[in-house]
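Here is the structure we will look at, set down as structure tokens.
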């Protein structure tokens, strides 16, 4: 499983890096990708992070899943035409797309949430066009996995594992990291 996690300036550190950490612990090939012109990306709380690649260096066809962290800089992901082109292609192909916090709104504006059950940061529901927003910590509907906020980063990552390898694998990871709330 090869997963691309995309970072734009002012991304929410917990949402991006928690997911990368947990998915790498699971043994997935997780590549971090900056949508800017530099490998260095500044988070919304002043943490500067060095991505594995910049967006122009990756070959999207090798990814099995795209992950979009949220935060105040979520719109920087949406401004990346190459990423948005592949978000739509992944949806058309039924390949996994995961977004957390404000980033499900990007998927809504791209038209990939129609008829799906999703969650997002409170206040972004109207931008999740065509979706049923539940307010749950995490939702998984067909090929789309969404998370509500930074406080939901761990269950979001675990739901990604569940979507790929099943509930038992996600529960085993939850136990491994002593996360007692995964059912």
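Residue numbers (this note's numbering): 1052 to 1234. C-beta atoms are modelled at their ideal positions from N, C-alpha and C, and glycine is treated no differently.
Margin query: If I follow the unbroken alpha helix (DSSP H) through residue 1074, where does it start and stop?
Written below: 1064-1076
Item checked: Outcome for residue 1067 when other beta-carbon atoms lying within 10 angstroms are tallied against a minimum of 16 -> buried
Next item on the list: Quick one: residues in its chain with C-beta nearer than 7 Å to the C-beta of residue 1079, no 5 flanking neighbours on either side, listed in chain order?
Entry: 1052, 1054
Item checked: Neighbourhood of residue 1199 by C-beta, 6 Å cutoff - its chain only, sequence neighbours within 5 removed -> 1170, 1188
Check: Taking only runs of the alpha helix (DSSP H) that begin and end inside the region 1062-1150, which ones reach a length of at least 4 residues, in chain order?
Finding: 1064-1076, 1125-1129, 1132-1144
Next item on the list: With a threshold of 16 other CB atoms inside 10 Å of the CB of residue 1191, please say whether the residue is buried or exposed.
Entry: buried
Check: Whose C-beta lies closer than 6 Å to the C-beta of residue 1112 among residues of the same chain, with five residues either side of it excluded?
Finding: none
Notebook entry, point to check: Would you call the CB atoms of residue 1163 and residue 1138 closer than 8 Å?
Noted result: yes
Margin query: Mapping the DSSP letters down to three states, classify residue 1162 as helix, strand or coil.
Written below: coil
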